[in-house]
Amino acid sequence: MSEKIVQFNEEIIKGQLKELVRGSVEETLNELLEKEAESLTQAARYERSEARHGYRSGHYDRNLTTTSGNVTLHMPRLKGMSFETAIIERYRRRESSVEEALIEMYLAGVSVRQVEDITEALWGSKVSPATISELNKKAYVHIEDWRNRPLQGGHYPYVYVDGIYLRRNWGGEYENVAVLVAIAVNEDGFREVLGAAEGMKEDKASWVSFFQWLRGRGLDGVKLIVGDKYMGMLEAVGEVFPDAKYQRCTVHFYRNVFSVVPKSKVKIVAKMLKAIHAQESKKGSREKAKAVVAELRTMKLKEAAKKVEDGIEETLTYCDFPSEHWTRIRTNNVIERLNREIRRRTRVVGTFPDGNSALMLVCARLRHVAGTQWGNKKYMNMKHLEAVMDDASVAG
205 MSEKIVQFNE EIIKGQLKEL VRGSVEETLN ELLEKEAESL TQAARYERSE ARHGYRSGHY
265 DRNLTTTSGN VTLHMPRLKG MSFETAIIER YRRRESSVEE ALIEMYLAGV SVRQVEDITE
325 ALWGSKVSPA TISELNKKAY VHIEDWRNRP LQGGHYPYVY VDGIYLRRNW GGEYENVAVL
385 VAIAVNEDGF REVLGAAEGM KEDKASWVSF FQWLRGRGLD GVKLIVGDKY MGMLEAVGEV
445 FPDAKYQRCT VHFYRNVFSV VPKSKVKIVA KMLKAIHAQE SKKGSREKAK AVVAELRTMK
505 LKEAAKKVED GIEETLTYCD FPSEHWTRIR TNNVIERLNR EIRRRTRVVG TFPDGNSALM
565 LVCARLRHVA GTQWGNKKYM NMKHLEAVMD DASVAG
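Everything in the sequence shown is counted per our numbering, starting at 205 for the first residue and increasing by one.
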């Protein structure tokens, strides 16, 4: 007598297992929400307690996409206090990354079908074409709202500016588009992305417009603006922020000098230039600069000597501020690192259809970075600046 072979439908089993996992994830997350609510109110649901803070007022449902599928979260409503959960905070951070990814895929020409496949592979659920279109629209709106948000960090003593060039197709012709970027260290010592805007050219008009836009949104208390010596920028600083000083980025200054130095002598010249900014006072740096100029002339590097002689003073403004801040205010490396990340992300797009597309992708990246540890970690101790200002020792 032959034995019966029991056959299993593999697809049905996979589906049931997936649903089992999804259900378990949903149940676990909702239990965590209940625990968070109990922790905030210091009482279990329906429990009477003198130690209770706030009261329960039912719940509302919120959908969350996970790698196990879509789950429904029962969000507790609390009276007398707000309910912020770590689960939703993680969701918000992921939502920001999703928006950025959707914009990148759209600008790179990824088809809707490919986006569907990618989202299913990443999050376990397929995003419909209508949803993709709607998310793109929402993402653009959200990013534009963020770009034009009021600046509420109080005073911004240190501001760093830079321009990043991206390629766009304009009427069938390819050309560079400049996106002007500004970040700052606020009065509490944290880095903050101030904004980005399209600058048709890096000229005075573009910089004046950019600075006025920042000031109109609340940029105030500027003591120092750090950046390369862009065409028209120095004049724009004096026009829009007359009380602010200008620090020419020493790294860009070095590169400018290297442009007229033979490759075989770049290393030795680099050491000479760095020695200028290694001095402990502005007076010491000036004296060292004179010695470097003389040595460059001895080395038959007259053009390099001329560049150092003419430009060194603009690179020494940082000496008027606390020595504890010198290494972080004499260059705009802090913004250069952001720009390198932007270039890495925009390289996959290649050429943008217009300047606005380039601007939106840059802002998407900036907004993402601003929400990471980059913006949440203290960058400077501003008490050092307060002490200098109180002593009225910042040189005029």
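Here a beta-carbon is modelled for each residue, glycine too, at the ideal position from N, C-alpha and C.
- At the C-beta level, residue 418 and residue 438 stay beyond 8 Å of one another.
- Residue pairing by DSSP places residue 380 opposite 371 in a beta bridge.
- Annotated three-state conformation of residue 416 is helix, per DSSP.
- In the three-state reduction of the DSSP assignment, residue 425 falls in the coil class, being assigned neither a helical nor a strand state.
- A residue is called buried when at least 16 other Cβ atoms come within 10 angstroms of its Cβ; residue 345 does not meet this threshold and is exposed.
- In the same chain as residue 263, and ignoring 5 residues on each side of it, the C-beta atoms closer than 8 Å to its own belong to 278, 279, 280 and 281, in chain order.
- Within the DSSP bridge table, the entry for residue 393 names no partner.
- Using a 10 angstroms sphere on the CB of residue 354, the tally of other CB atoms stays under 16, which defines it as exposed.
- Residue nearest to residue 409 within the set 434, 424 and 589 is 434 (criterion: CA-CA distance).
- Membership of residue 276 in the beta strand (DSSP E) is indicated by the continuous run 273-283.
- As the crow flies, the alpha-carbon of residue 449 is around 12 Å from that of residue 533.
- Two segments are said to touch when three or more pairs of C-beta atoms, one from each, lie closer than 8 Å; by this definition the stretch 458-467 touches the stretch 502-518.
- Closest by C-alpha distance to residue 499, out of 519, 456 and 477, is 477.
- If you ignore the 5 residues before and after residue 276, its C-beta comes within less than 7 Å of the C-beta of 230, 265 and 267, all in its own chain and listed in chain order.
- Counting C-beta pairs with one atom in each stretch, the stretch 356-374 and the stretch 482-500 have fewer than three that are closer than 8 Å, which means they do not touch.
- Here the alpha carbon of residue 232 sits roughly 52 Å from the alpha carbon of residue 453.
- For residue 458, no beta strand (DSSP E) run applies; the uninterrupted alpha helix (DSSP H) run containing it begins and ends at 454-462, by DSSP.
- Around the beta-carbon of residue 561, 16 or more other beta-carbon atoms lie within 10 Å, marking it buried.
- By the CB criterion at 8 Å, residue 403 and residue 414 fall inside the cutoff.
- About 7 Å separates the Cβ atoms of residue 362 and residue 430, confirming a contact at the 8 Å cut-off.
- Looking at the backbone, the Cα of residue 241 and that of residue 227 are separated by about 21 Å.
- The C-beta distance from residue 386 to residue 364 rounds to 7 Å, short enough to meet the 8 Å contact threshold.
- Distance between residue 425 and residue 237, taken at the CA atoms: about 42 Å.
- Assigned with DSSP and collapsed to three states, residue 467 falls in helix.
- CA-CA distance, residue 485 to residue 517, rounds to 13 Å.
- Across the structure, residue 512 and residue 320 are spaced so that their CA atoms are roughly 56 Å apart.
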